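Before any comments, here is the structure.
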Amino acid sequence: MSAAGGAPGFAVVNLGCRVNRVETDLVAAALERAGLRMVGQDEADLVVVNTCAVTGEAETKTRKVIRHAARLPKAPLVVATGCVASLFSEELSSLAPNVVVEADKSLVARRALEALGLGAGAVSDAGELASSPTPTGRSRPGIKVQDGCDNRCTYCIVWKARGAGRSLPADRVLAAVREACARDAHEVVLTGINLGRYASGDARGREIGLAGLLSLILDETPVERVRLSSIEPPDVTGELLDVMASSGGRVAPFLHVCLQSGCDATLRRMGRVYDAASFRRVCELSREALPGVALGTDLIVGFPGETDEEFEESLGFCREMSFAKMHVFRYSRRPGTPAADAPGQVAPKVMAERSRRVRDLAARMRAHEASLHVGEMDDVLVEYPGRGVSGGLFDVLVDPRVPVGEVARVRMVRALEDGTLVGEAVRQPGASALSSK
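In the UniProt record's numbering, the protein residues as written are 1 to 437.
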């Protein structure tokens, strides 16, 4: 089918969260194993779009991306998957005659090959295992250990799209980590829609949670560093912090704890299951157990009913927490959720100004938190020439001779105004710092 007479080319478009990115990597790996080539969209015979339904804006973007892909000069086959595909399959199918929908991401490669007339015999089931480094070029492969959500936040529809919470068995997680290590990954990232609710059994039949899973990974795999993606405040337990603290740096000293608002009244309207005081205690316990830990969070501004006073309360709480990294979102109406029809919808101009103020604060906090690490040594995983990430997920400028995907042991010599750290090598570039511990 390829114009060049060779193997067909495919492209992937990922929309949404880190879990989506991991799933997109799995699809790409399966297609490569089946003999297809990853190319740019303009050259592709197949475009896979992994969709996102977290907000109304995300859903609108999904439709635009699918229409764009369907209208490319080669009129490629477009396979839509992900959350919007789960919720609105027929609607996406009607966008163009060359669009097909496969909500089950484990079947995307098979469905695509069949639609291309190639047969699916060459597809080996990727299951949940990560390919590392990933086909899409990331040097910190993600491993999806949990999916689905049992919460019912009033602004969210993901629980409908992904279903009830469920976890990957521990032995399959260990296999995925070992595979990543065998493919020269120095760091893996554990991901999930509600990661902190991980629950499975170990080889002895004992029930384990996320802390137990981390312990297994540290004990039974050679992984050099493992990082947690976002986690809910109630799931940051003493047991989890103890495992992180005793790991000797093998668990990255970073916690992305979802806040959404620092105002109790807003949290109640959101249907969140904690208040500001309990979140504060999570931060305090994390810093006590892990001195120097970097804390990240998500914040929504302009949630229905958020008054000026409630916004100021939320902003002040964020200032008090001194986050190292913040994702700031303007509330976007998500049809089908209680919040979409709630009274007190906030005007877009007001949301824009609130977002600007939070982002300004976030930049100042990040610069401050980065400055606290000047003089320290850390292991930096190089993701781009001359640039990598520290254990605390700070951007670090490093010796450009260190190959992408390798680890540099550096001393942080200064912090730039944007929170980027400058690292001075203390070990021969290209030598693995983490593995020598």
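Ideal Cβ positions, reconstructed from N, Cα and C, are used throughout, including at glycine.
A quick note: this is a predicted structure, and the numbers were derived from the prediction, not measured.
Exercise. Would you mind working out which of Val101, Val301, Thr297, Asp341 sits nearest alanine 324, comparing C-alpha positions?
Key: Cα-wise, what sits closest to alanine 324 is Thr297.
Quiz prompt | Rounded C-alpha distance that separates serine 322 from glycine 201 | solution = If you draw a straight line from the Cα of serine 322 to the Cα of glycine 201, it comes to about 37 Å.
Quiz prompt | Identity of the residue in Leu72, Gln345, Ser278, Val188 nearest isoleucine 217 by Cα | solution = The residue with the shortest Cα to Cα distance from isoleucine 217 is Val188.
Quiz item: Who are the Cβ neighbours of serine 230 in its own chain at under 6 Å, not counting the five residues just before and after it?
Solution: Within the same chain, and ignoring the five residues on either side of serine 230 in sequence, the residues whose Cβ sits closer than 6 Å to its Cβ are His256, Cys258.
Quiz item: How many angstroms separate the CA atom of alanine 34 from the CA atom of threonine 81?
Solution: Distance between the alpha carbons of alanine 34 and threonine 81: 19 Å.
Quiz item: What span of residues does the alpha helix (DSSP H) with leucine 285 cover, start to end?
Solution: Counting along the chain, the alpha helix (DSSP H) containing leucine 285 begins and ends at 276-289.
Quiz item: Terminal residues of the continuous beta strand (DSSP E) containing valine 422?
Solution: Looking at the DSSP string, the run of the beta strand (DSSP E) that includes valine 422 is 421-425.
Exercise. Taking all protein chains shown into account, decide if proline 304 is buried (16 or more other Cβ within 10 angstroms of its Cβ) or exposed.
Key: Its Cβ being crowded by 16 or more others within 10 Å, proline 304 is buried.
Exercise. With DSSP as the reference, label glutamate 383 as helix, strand or coil.
Key: Three-state result, glutamate 383: strand.
Quiz prompt | Complete alpha helix (DSSP H) runs within the stretch 195-245 (minimum length 4 residues, chain order) | solution = Secondary structure remark: continuous alpha helix (DSSP H) runs of at least 4 residues inside the stretch 195-245, in chain order: 210-220, 238-245.
Quiz item: For the alpha helix (DSSP H) that contains isoleucine 66, what are its first and last residues?
Solution: Its alpha helix (DSSP H) spans residues 56-70.
Quiz item: Got a sec, what are the start and stop residues for the alpha helix (DSSP H) glutamate 114 sits in?
Solution: Per DSSP, the continuous alpha helix (DSSP H) segment holding glutamate 114 begins and ends at 108-115.
Quiz item: Any idea if histidine 186 is buried or exposed, counting beta-carbon neighbours within 10 angstroms, 16 or more meaning buried?
Solution: With 16 or more Cβ atoms within 10 Å of its Cβ, histidine 186 is classed as buried.
Quiz prompt | Local conformation of leucine 372 per DSSP, three classes | solution = DSSP places leucine 372 outside both helix and strand once states are collapsed to three, so it counts as coil.
Quiz item: For valine 374, does the count of other Cβ atoms within 10 angstroms reach 16, so buried, or fall short, so exposed?
Solution: So valine 374 ends up on the exposed side.
Practice problem: In angstroms with no decimal places, state the Cα-to-Cα distance between arginine 71 and valine 108. | Solution: If you take the alpha carbons of arginine 71 and valine 108, they lie about 21 Å apart.
Quiz item: DSSP three-state call for alanine 34: helix, strand or coil?
Solution: Alanine 34 falls in the coil class under three-state DSSP.
Quiz item: Would you report the Cα separation of glutamate 383 and valine 398, rounded to the nearest angstrom?
Solution: Those two C-alpha atoms are separated by around 11 Å.
Self-check item: Candidates Gly6, Val426, Leu393, Arg409, of which the one nearest threonine 420 by Cα
Solution: The residue with the shortest Cα to Cα distance from threonine 420 is Leu393.
Practice problem: Report the residue from Asn98, Ser89, Glu57, Cys52 whose alpha carbon sits nearest the alpha carbon of asparagine 68. | Solution: Residue identity check: residue 68 is histidine in the sequence provided, not asparagine. Ranked by how close their Cα comes to the Cα of histidine 68, the residues Asn98, Ser89, Glu57, Cys52 have Asn98 in first place.
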